[in-house]
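Single-structure report; data block below.
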Amino acid sequence: MKFQLEICATTIHSAINAERGGANRIELCDNLWEGGTTPSHASIEKAIEQLSIPVFVLIRPRGGDFTYTDLEFDLMKREIEHCKQLGVGGIVSGVLLPDGAIDKVRTKILMEQSEGLPFTFHRAFDQVPDPISALDDLIELDVDRVLTSGQECTAAKGKALIGDLIKFAQDQIIILPGGGINIDNIESLVKVGCTEFHLSAKEYVQRNSIYPIKVPMNGSADIPEEKLTVSSIEKIRQLRSKLDEKA
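Counting in the numbering used here, the sequence shown runs from 2 upward without gaps.
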């Protein structure tokens, strides 16, 4: 299959929907509202149990920046060890230096901890000051792929840089665009040379309970919509169909 769809799933239902819709793999994470953090061990175990497609897991101990204390870095290594024991298909992680450059030493340690599992350097890449130099560092480290929006708020807006990265990579590393990808803009990313795509394909669904939400749980003064988000089987099927037409 020429084109690969990776669905970013934050719940087991989204993960199951991803496979039913025709995704090739999922990236399992939590707390997407702050860029994603490591999901629970139970969530990882259940996803692997329920799915036949690979489950890649995000290793990120908190939101915020990507420069970690020794304690946080130790947590990341331990999370990777748990992931290996559970049988994950790949690891998604990465570390930056205080100046925003790739922390090659710590990223290499995480890769070694992963012991040969496919390794994706996540969207920390979108914070680096020199993306071409950073990509060269990741190629040197033998990272499998890098997730990026082209240093813009969406991958469609960052497609020029994404195209440049693909040309520079020369098939030495996969450039995985992510951020706001949908049925209306995915073709623009195909045109710049993308062959893999990362998205959530989310839709709103009615929550199970009928009681009104009186107190917001996110610290906001606004009462949230009484709906939940989940990856949409239909949206994924439409994207799969469109990509298959281009293959």
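Here a beta-carbon is modelled for each residue, glycine too, at the ideal position from N, C-alpha and C. Note that the coordinates shown come from a computational prediction; the quantities given were computed from them, not determined experimentally.
Sorted by chain position, which residues of the same chain lie with C-beta nearer than 7 Å to residue 162's C-beta, five sequence neighbours on each side aside? To locate residue 162, count along the sequence shown from 1; it is residue 161. Answer for residue 162: 132, 151, 152, listed in chain order.
Start and end of the alpha helix (DSSP H) containing residue 191? On the sequence shown, residue 191 is found 190 positions in, with the first residue counted as 1. From DSSP, the alpha helix (DSSP H) with residue 191 extends over 187-192.
Output the distance between the C-alpha atoms of residue 95 and residue 104, rounded to the nearest integer angstrom. As a first step, residue 95 must be located in the sequence shown, where it is residue number 94. As a first step, residue 104 must be located in the sequence shown, where it is residue number 103. Taking the straight line joining both Cα atoms gives about 8 Å.
If we count the other Cβ atoms within 10 Å of its Cβ and call it buried at 16 or more, is residue 160 buried or exposed? As a first step, residue 160 must be located in the sequence shown, where it is residue number 159. Looking at its Cβ environment, which holds 16 or more other Cβ atoms inside 10 Å, residue 160 is buried.
Which one or two residues does DSSP pair with residue 149 in a beta bridge? For the purposes of this step, residue 149 is identified with residue 148 of the sequence shown, where counting begins at 1. Partner(s): 178.
Please classify residue 236: is it buried, with 16 or more other beta-carbons within 10 angstroms of its beta-carbon, or exposed? As a first step, residue 236 must be located in the sequence shown, where it is residue number 235. Label assigned to residue 236: buried.
Taking the alpha-carbon positions, what's the residue 248 to residue 26 distance? Along the sequence shown, one-based indexing puts residue 248 at 247. Along the sequence shown, one-based indexing puts residue 26 at 25. Cα to Cα, residue 248 sits roughly 18 Å from residue 26.
By Cβ distance, which residues of its chain are closer than 7 Å to residue 239, with the 5 residues on each side in sequence left out? In the sequence shown, the residue the question calls residue 239 occupies position 238. The answer, listed in chain order, is 184.
Host alpha helix (DSSP H) of residue 107 (start-end): Reading the sequence shown from its first residue, position 106 is the one you call residue 107. Unbroken alpha helix (DSSP H) run through residue 107: 105-115.
Which complete beta strand (DSSP E) runs does the segment 55-85 hold, if anything under 3 residues is left out? 56-59
Looking at C-alpha atoms only, which residue of 170, 241, 177 is the closest neighbour of residue 122? Within the sequence shown, numbered from 1, the residue matching residue 122 stands at position 121. Among 170, 241, 177, the Cα nearest to that of residue 122 is on 177.
So, using beta-carbon positions, are residue 155 and residue 117 closer together than 7 Å? In the sequence shown, residue 155 corresponds to position 154, counting from 1. In the sequence shown, residue 117 corresponds to position 116, counting from 1. No, the pair does not count as a contact, with Cβ atoms beyond the cut-off.
For residue 187 and residue 60, what's the separation of their Cα atoms in angstroms? As a first step, residue 187 must be located in the sequence shown, where it is residue number 186. As a first step, residue 60 must be located in the sequence shown, where it is residue number 59. Using only the alpha carbons, I get a separation of about 27 Å.
Integer-rounded CB distance, given that residue 98 should sit under 8 Å from residue 68: The count along the sequence shown starts at 1 and reaches residue 68 at position 67. The count along the sequence shown starts at 1 and reaches residue 98 at position 97. Yes, residue 68 and residue 98 are in contact; Cβ-Cβ is about 7 Å, under 8 Å.
Which residue wins for smallest C-alpha separation from residue 85, given the options 65, 58, 16? Position 84 of the sequence shown holds residue 85. Nearest C-alpha to residue 85: 58.
Exposure of residue 193, with buried meaning 16 or more beta-carbon neighbours within 10 Å: Numbered from 1 along the sequence shown, position 192 holds the residue referred to as residue 193. Label assigned to residue 193: buried.
I need the DSSP call for residue 120, collapsed to helix, strand or coil. For the purposes of this step, residue 120 is taken as residue 119 along the sequence shown, with counting starting at 1. Reduced to three states, the DSSP call for residue 120 is strand.
Spatial neighbours of residue 143 within its chain, please: C-beta separation below 8 Å, excluding the five flanking residues on both sides. What you label residue 143 is simply residue 142 of the sequence shown in a count that begins at 1. Excluding positions up to five away in sequence, the list reads 112.
Residue environment, residue 106, which counts as buried when at least 16 other CB atoms sit within 10 Å: As a first step, residue 106 must be located in the sequence shown, where it is residue number 105. With fewer than 16 other Cβ atoms within 10 Å, it is exposed.
Quick check on this structure: which residue in 169, 55, 23 has the alpha carbon closest to the alpha carbon of residue 91? Position 90 of the sequence shown, counting from 1, holds the residue named residue 91. Cα-wise, what sits closest to residue 91 is 55.
Alpha-carbon to alpha-carbon, residue 81 and residue 138: Position 137 of the sequence shown, counted from the start, is the residue given in the question as residue 138. Position 80 of the sequence shown, counted from the start, is the residue given in the question as residue 81. Spanning the two alpha carbons is a distance of roughly 22 Å.
Looking at the secondary structure, which residues open and close the beta strand (DSSP E) in which residue 239 lies? Residue numbering aside, residue 239 sits at position 238 when the sequence shown is read from its first letter. Where residue 239 is concerned, there is no enclosing beta strand (DSSP E), although the alpha helix (DSSP H) it sits in stretches over 234-247.
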